[in-house]
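J.:
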Amino acid sequence: MWKGVLPAVTTKFNEDGSLDHDEMRRCFQIQMDAGVDGLIACGSLGEGPMLSHDERIAVLKLCKEASGAKPALLTVAEAATRDACTLARKARDAGADGLMVVPSTIYHTDPRETVATLKAIAAAGDLPIMIYSNRLAYRVDVTVDIMAELADDARFVAVKESSDDVRRGTEIINRFGDRFDLLTGVDNHAFEALTAGATGWVAGLCLAFPHETVAIWRLVQAQRYDEALRIYRWFRPLLDLDVSTYLVQNIKLAEAIAFGSNERVRAPRLPLAGERRVQVERTIRTAIACRPALPTLPALP
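Per numbering that gives the first Met the number 0, residue 0 is the first one in the sequence shown, and the count goes up by one each step.
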């Protein structure tokens, strides 16, 4: 159902902290024009937990406006299952094509609780679901055994695999075949995951470098691995910026440099400063200075 490059978009703010609808429209269209395969709103990178439900629905609607016939998903990541179910219903009513669901945030659920939480959200929203498995950031590991307990519910269609163990993808494929769409969620091992069978990439640095991201995906699908690897090796220092406590600030700075966007974040986050900012900006500008020429890409099937 969900394959290819699906960027997890950033949320743009005005100087007064309100949502900057016009800038989001501009940035989302940049992604679509580059050939991405859908958009995901209000994830970790989109500062979802810092937004009200109404704000998240507003961002989702902007994503759907831009994505057209391609999918627009809303991330559900709430401390309480009750609130997650409420947001899932709001997303359905607002026209979401699906949900990307984090099992829990503040309280770290055990396997029984993880299954119950995910099933409750699926029932509430009655939409296709991408399970967001990120044991490092959210302390809940959606293992293959947990996925087996969810496999009989057709609403669970995909997994965003962010365990930071590239071997997990092969374990999922060996256990379930093509039952779940498998999308890698860790930018700096995307090539490894895609060449091992992942069917998509929930991407972060795509927001500043969409053409390179799409090129890697399409070249891998065409088995033009050498060409894809050449781009990926250039991309790796940038992709490392996604695997950081400061991923939001890092990627918003990259968007500002690449596309003239703004890097406003919602408190308690603050824009990068000092030596950290110097290092990140150097990484971005160094990469731009030696940006590779992209080959003619294969057409989509």
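Glycine included, C-beta positions come from ideal geometry on N, C-alpha and C.
Buried or exposed for Ala7, going by 16 or more other Cβ atoms inside 10 Å?
T.: Buried is the call here.
J.: Nearest-angstrom Cα distance between Asp151 and Gly37?
T.: Their backbone Cα atoms lie some 26 Å apart in a straight line.
J.: Suppose you measure from the CA of Asp265 to the CA of Gly176; what does that come to, to the nearest Å?
T.: Residue identity check: residue 265 is Arg in the sequence provided, not Asp. Rounded to the nearest angstrom, the two C-alpha atoms are 41 Å apart.
J.: Between Glu170 and Glu191, what straight-line distance do the alpha-carbon atoms span, to the nearest angstrom?
T.: Rounded to the nearest angstrom, the two C-alpha atoms are 14 Å apart.
J.: As an exercise, report each continuous beta strand (DSSP E) stretch of at least 3 residues that is fully enclosed by the stretch 57-135, in chain order.
T.: List check, beta strand (DSSP E) in window: 71-75, 97-100, 128-132.
J.: Name the DSSP beta bridge partners of Val4, please?
T.: For Val4, which the question treats as bridged, DSSP gives the partners Trp200.
J.: Hey, how far is the Cα of Pro127 from the Cα of Ala90?
T.: When rounded, the distance between both Cα atoms is 12 Å.
J.: For Cys26, is the classification buried or exposed, using 16 other Cβ atoms within 10 angstroms of its Cβ as the cut-off for buried?
T.: Buried, since its Cβ has 16 or more Cβ neighbours within 10 Å.
J.: Assign Arg263 to one of two classes, buried (16 or more other C-beta atoms within 10 Å of its C-beta) or exposed (fewer than that).
T.: Its Cβ being crowded by 16 or more others within 10 Å, Arg263 is buried.
J.: Who pairs with Asp180 in a beta bridge, going by DSSP?
T.: In DSSP, Asp180 forms a bridge with Ala157.
J.: Is the distance from the Cβ of Val242 to the Cβ of Glu46 below 8 Å?
T.: No; because the gap between Cβ atoms is not below 8 Å, this pair is not in contact.
J.: Between which residues of its own chain and Leu204 is the CB-CB distance below 8 Å, once the five residues before and five after are set aside?
T.: The residues are Asp186, Thr212, Phe234, Leu237, Leu238, Leu240, Asp241, Ile250, Ala253.
J.: Applying the 10 Å Cβ sphere with the 16-neighbour rule, what's the burial state of Arg81?
T.: The residue is exposed, with fewer than 16 neighbouring Cβ atoms inside 10 Å.
J.: Could you have a look at Val139 and say whether DSSP puts it in helix, strand or coil?
T.: The answer is strand: DSSP assigns Val139 an E or B state.
J.: With DSSP as the reference, please indicate the residues paired to Leu18 in a beta bridge.
T.: Bridge partners of Leu18: Phe12.
J.: In terms of alpha-carbon separation, which member of Asp180, Thr194, Leu206, Met31 lies closest to Met99?
T.: Nearest of Asp180, Thr194, Leu206, Met31 to Met99, Cα basis: Asp180.
J.: Which value, in whole angstroms, describes the spacing of the CA atoms of Leu182 and Trp200?
T.: Using only the alpha carbons, I get a separation of about 5 Å.
J.: Please confirm if the stretch 221-232 is in contact with the stretch 283-294, defined as three or more CB-CB distances below 8 Å between the two stretches.
T.: Yes, they touch.
J.: Applying the 10 Å Cβ sphere with the 16-neighbour rule, what's the burial state of Tyr131?
T.: Buried: at least 16 other Cβ atoms inside 10 Å.
J.: Looking at C-alpha atoms only, which residue of Ile172, Lys69, Ile105, Thr113 is the closest neighbour of Thr198?
T.: The option with the nearest alpha carbon to Thr198 is Ile172.
J.: In terms of DSSP beta bridges, what is Ala40 paired with?
T.: BP columns for Ala40 point to Leu73.
J.: For Thr282, which residues of its own chain have a beta-carbon under 6 Å away from its beta-carbon, when the five flanking residues on both sides are left out?
T.: Cβ within range, chain order: Pro236.
J.: Can you say whether Thr285 is buried or exposed, counting buried as having 16 or more other CB atoms within 10 angstroms of its CB?
T.: Classification for Thr285: exposed.
J.: Check whether the Cβ atoms of Lys60 and Ala87 sit closer than 8 Å, and answer yes or no.
T.: No.
J.: Hey, quick one: how far does the alpha helix (DSSP H) through Thr282 stretch, first residue to last?
T.: Start and end: 273-288.
J.: Do Leu18 and Val75 count as a contact pair if the criterion is CB distance below 8 Å?
T.: In this structure, Leu18 does not lie closer than 8 Å to Val75 by Cβ.
J.: Helix, strand or coil for Asn261, going by three-state DSSP, please let me know.
T.: Coil, per DSSP.
J.: Run through DSSP, which three-state label would Tyr245 get?
T.: Residue state, collapsed to three classes: coil.
J.: In the DSSP assignment, find the alpha helix (DSSP H) that holds Val219 and state where it starts and stops.
T.: First-last of the alpha helix (DSSP H) with Val219: 209-220.
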